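K.L.:
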Amino acid sequence: MKKLLSTLLCLLLLTLVLVSCGDDSTPKPKADRPYLTLRMAIVVDDKTTDEGIAAMQKAFNDKCEVLLSTHIEFECIKASEYKARMTEIMNEVADEKAKQDAGKEDAMANAGTSTGTELDETDSKYPAASKAQFDILLIADEEMYEEYARKGWLVGLDSHFKGNFKTLNTKILSTAKELSMIDGVCYGVPANQAYGTYQYVMINKAAADYYQMEVDDIHSISDACQLITMMENAQAGHGLSKWEALYGENFSVFGMKESEFVLPNVQYISKDFTTPSLFGVTYSYMDIVTTLPDKARNLLKNSEYTRYLTMKFAGQKNGYFSADGNEENFLIGLAEGDYALRYSDDDYYFAPIMDPMFEREELFGGMLAVSKFTVDEKRSLEIVQELMTDANRADLLNIALFGDAQTNYYVEDDCVVYRNMSNYGVADGYLFGNLRELALPCKDLGQTKDEYTYASEHITDLAQRQPLFGETFYSYFALIDGEKWEAFDAYCAEKYTELMSSADMAAFEAKLAALVEEMNANADFTAMAHETVSHNDSTFETLGGCYYNYRQAGGAAPDFGTTQN
Numbered sequence: 017m018k019k020l021l022s023t024l025l026c027l028l029l030l031t032l033v034l035v036s037c038g039d040d041s042t043p044k045p046k047a048d049r050p051y052l053t054l055r056m057a058i059v060v061d062d063k064t065t066d067e068g069i070a071a072m073q074k075a076f077n078d079k080c081e082v083l084l085s086t087h088i089e090f091e092c093i094k095a096s097e098y099k100a101r102m103t104e105i106m107n108e109v110a111d112e113k114a115k116q117d118a119g120k121e122d123a124m125a126n127a128g129t130s131t132g133t134e135l136d137e138t139d140s141k142y143p144a145a146s147k148a149q150f151d152i153l154l155i156a157d158e159e160m161y162e163e164y165a166r167k168g169w170l171v172g173l174d175s176h177f178k179g180n181f182k183t184l185n186t187k188i189l190s191t192a193k194e195l196s197m198i199d200g201v202c203y204g205v206p207a208n209q210a211y212g213t214y215q216y217v218m219i220n221k222a223a224a225d226y227y228q229m230e231v232d233d234i235h236s237i238s239d240a241c242q243l244i245t246m247m248e249n250a251q252a253g254h255g256l257s258k259w260e261a262l263y264g265e266n267f268s269v270f271g272m273k274e275s276e277f278v279l280p281n282v283q284y285i286s287k288d289f290t291t292p293s294l295f296g297v298t299y300s301y302m303d304i305v306t307t308l309p310d311k312a313r314n315l316l317k318n319s320e321y322t323r324y325l326t327m328k329f330a331g332q333k334n335g336y337f338s339a340d341g342n343e344e345n346f347l348i349g350l351a352e353g354d355y356a357l358r359y360s361d362d363d364y365y366f367a368p369i370m371d372p373m374f375e376r377e378e379l380f381g382g383m384l385a386v387s388k389f390t391v392d393e394k395r396s397l398e399i400v401q402e403l404m405t406d407a408n409r410a411d412l413l414n415i416a417l418f419g420d421a422q423t424n425y426y427v428e429d430d431c432v433v434y435r436n437m438s439n440y441g442v443a444d445g446y447l448f449g450n451l452r453e454l455a456l457p458c459k460d461l462g463q464t465k466d467e468y469t470y471a472s473e474h475i476t477d478l479a480q481r482q483p484l485f486g487e488t489f490y491s492y493f494a495l496i497d498g499e500k501w502e503a504f505d506a507y508c509a510e511k512y513t514e515l516m517s518s519a520d521m522a523a524f525e526a527k528l529a530a531l532v533e534e535m536n537a538n539a540d541f542t543a544m545a546h547e548t549v550s551h552n553d554s555t556f557e558t559l560g561g562c563y564y565n566y567r568q569a570g571g572a573a574p575d576f577g578t579t580q581n
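Just so we're aligned, residue 17 is where the sequence shown starts under our numbering, counting upward by one.
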């Protein structure tokens, strides 16, 4: 008898396992969840038709109702009209909510919206949204984000991130979230798009392979210049002339103008922070934020910087630079692009020399926020979490972005492929979601499954080495003694000009050595450097102190009313 019961139990368990494995649909929610209708705004592009919107809404709700017992009424607004229309809607909702709160109108009498989403009899279990309700919206830019937060139209999300939505919280770059805060409160979920672009040094593949150059060891433009040194030291017939003869016209050693030949991982401590100087901060593109140097130094004591200056001087004297930067063939160049660029060309290697740096405003286009007028904060955030995590392989996200699968797209090898005559799409700049889980449209953007993987790597780099977002950098220098800084800056500029105007390489190298010695021996220069740019961690009065405090604060805005240590 026991054996029979055991056998029946095993068969039952096996049946359950097989049913579970054979059904990859979204799991049904708990039976006691109330049915809710939420209103959500998204931005569609110009090709989107009413039919496309209707099909998208049906496909979205077919999944969302099963997954979360939630029906979504969409406000699909064209990009050119979005901010004005969204503000109009929010004002209407705020007015209606005020009336209802004041008891001037009965809430039930005002049920129904003008969104154009009519529920048929089979959907009658979902209540129509109230005119005093709006739940989820896309943020267009920082101005809109700040305006809506200031008006009290957005829900502060911090308590939710610490509570039921830790999964969502882990998907947000911490620096991105911190920069989204207003008075210490985060009111939206920044979309982890592939912010910013890498900077690459381009190396001619044929030449690098010919000289057996280790491209993986290249982390700066000065590293790449070793190729030129190899050529200059090669035997007759195997040096630079070989490549000039090979390519003929439209060829330059450096595929850029002299002014574009820059060392990207240096922060000049000059009056405008961009003019070449002899003082500054250099760092590796591989450094994480917490390991960046705190102290401004004499750049001539930095071997990478002196190698760069030497090659720039040699290129200037030898005519290595392009006149207009448009040569078709060259040995070394610079480029910007996403992670996939390094795999995109048959003629050049792309060695990353700077991780993506992006501007603060990029955080806000595509941010998802929950309205203060939502009927349920947690239910609204459940929708956001489904859109921005990989809990269900981005089904809802793909529908929201690309429409219904039968009409507009199909998924092939984890890529979305648009069908011909698609009638739905989200406007560029409003592609919300976390790229790590987002299946990108291959056909329209020329992307492959591999490039989808590269986009994931792009996000990973941002997560590991989040940029400083240095927009508050300059505000740290408001209290510096301007006359001392200007005198020091003028001295550095004068010496830099003297060095780069040397008659020949021998004179350049002699001048370089003499300048280092002069700076070490010059008491006035040492005093000026100390007073102006030295590391001083207790005051904002020196440039070095400002830089130190800026670094200690992780790029946050300074508080000049207190002393930071």
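Glycine included, every Cβ here is placed at the ideal spot set by N, Cα and C.
Since the model is a prediction, treat every value here as computed from it, not as a measurement.
Cutting at 8 Å between CB atoms, please list the residues of its own chain near Cys508, excluding the five before and the five after it.
P.N.:
The answer, listed in chain order, is Ser286, Ser293, Leu294, Phe295.
K.L.:
When burial is assigned at 16 or more other CB atoms within 10 Å of the CB, is Thr476 buried or exposed?
P.N.:
Flag for Thr476 reads exposed.
K.L.:
Classify Gly335 as buried or exposed, calling it buried when 16 or more other Cβ atoms lie within 10 Å of its own Cβ.
P.N.:
exposed
K.L.:
If you drop the 5 nearest sequence neighbours on each side, which residues of the same chain put their C-beta closer than 8 Å to that of Ser196?
P.N.:
Closer than 8 Å at the Cβ level, and outside the excluded window around Ser196, lie Tyr161, Cys202, Tyr203, Gly204, Pro206, Leu379, Phe380, Met383.
K.L.:
Examine the Cβ distances between the stretch 383-400 and the stretch 252-262 and report whether three or more of them are shorter than 8 Å.
P.N.:
no
K.L.:
What residue from Asp466, Ser518, Glu89 has the CA that sits closest to Ala144's CA?
P.N.:
Glu89
K.L.:
Let me know the secondary structure DSSP gives Asn107 once reduced to three states.
P.N.:
helix
K.L.:
On a CA-only basis, which of Tyr263, Gly331, Gln401 is nearest Phe270? Give me that one, please.
P.N.:
Gly331
K.L.:
Which one or two residues does DSSP pair with Glu91 in a beta bridge?
P.N.:
Ala57
K.L.:
State the CB to CB distance for the pair Ile369 and Tyr216, rounded to an integer number of angstroms; the pair is presumed to be in contact (CB under 8 Å).
P.N.:
6 Å
K.L.:
Terminal residues of the continuous alpha helix (DSSP H) containing Tyr211?
P.N.:
Run containing Tyr211: none; DSSP gives neither H nor E here.
K.L.:
According to the neighbour-count rule (16 or more other Cβ atoms, all chains shown, within 10 Å of its Cβ), is Ser387 buried or exposed?
P.N.:
By the beta-carbon neighbour count (other beta carbons within 10 angstroms, threshold 16), Ser387 is buried.
K.L.:
Can you tell me whether Cys80 is helix, strand or coil according to DSSP?
P.N.:
helix
K.L.:
Can you tell me whether DSSP reads Ser257 as helix, strand or coil?
P.N.:
helix
K.L.:
List the residues that DSSP assigns as beta-bridge partners of Met218.
P.N.:
Gly349, Phe366
K.L.:
Under 8 Å, do Tyr321 and Thr298 count as touching if we go by C-beta distance?
P.N.:
Contact: yes.
K.L.:
Considering only C-alpha positions, which residue in the set Ala523, Cys80, Ala71 is nearest to Phe329?
P.N.:
Ala523
K.L.:
For Asp354 versus Ala210, is the C-beta spacing smaller than 8 Å?
P.N.:
yes
K.L.:
Can you tell me which of Met327, Asn220, Phe181 puts its alpha carbon nearest to the alpha carbon of Asp361?
P.N.:
Asn220
K.L.:
What residue does the alpha helix (DSSP H) around Leu528 start on, and which one ends it?
P.N.:
521-537
K.L.:
Would you say Ala351 and Phe337 are within 8 Å of each other, going by their C-beta atoms?
P.N.:
no
K.L.:
Is the beta carbon of Leu316 sitting closer than 8 Å to the one on Val532?
P.N.:
yes
K.L.:
Could you give the residue range of the beta strand (DSSP E) that holds Thr298?
P.N.:
295-298
K.L.:
In three-state terms, what does DSSP make of Cys241?
P.N.:
coil
K.L.:
Verify whether the separation of the beta carbon atoms of Gly72 and Ile399 is less than 8 Å.
P.N.:
The identity of residue 72 in the sequence shown is Met, whereas the question assumes Gly. Contact: no.
K.L.:
Alpha carbon to alpha carbon, what distance is there between Leu279 and Val442?
P.N.:
The straight-line gap from Cα to Cα measures roughly 38 Å.
K.L.:
Go ahead and pull the three-state DSSP assignment for Val391.
P.N.:
coil
K.L.:
If you draw a straight line from the alpha carbon of Leu347 to that of Ala222, how long is it in whole angstroms?
P.N.:
Rounded to whole angstroms, Leu347 to Ala222 spans 9 Å at the Cα level.
K.L.:
From Tyr324 to Asp540, what distance separates their C-alpha atoms?
P.N.:
28 Å
K.L.:
Assuming Leu478 and Pro372 are in contact, meaning their beta carbons sit under 8 Å apart, how far apart are those beta carbons, in whole angstroms?
P.N.:
6 Å
K.L.:
Is Arg49 buried or exposed, if buried means 16 or more other CB atoms sit within 10 Å of its CB?
P.N.:
exposed
K.L.:
Compute the Euclidean distance between the alpha carbons of Thr131 and Gly349, then round it to the nearest angstrom.
P.N.:
Unreliable positioning characterises Thr131 in this predicted model, as indicated by a pLDDT of 44, which lies under 50. The coordinate reading is nonetheless provided below. C-alpha separation (whole angstroms): 53 Å.
K.L.:
Should Ala148 and Lys187 be called a contact, given that it needs their Cβ atoms to be closer than 8 Å?
P.N.:
no
K.L.:
What residue from Ala503, Leu528, Glu514, Asp199 has the CA that sits closest to Met544's CA?
P.N.:
Of Ala503, Leu528, Glu514, Asp199, the residue nearest in Cα terms is Ala503.
K.L.:
By the 10 Å Cβ neighbour count, where 16 or more other Cβ atoms means buried, how is Leu262 classified, buried or exposed?
P.N.:
exposed
K.L.:
Give me whichever residues DSSP pairs with Arg358 in a beta bridge.
P.N.:
Answer by DSSP bridge pairing: none, since Arg358 is not bridged.
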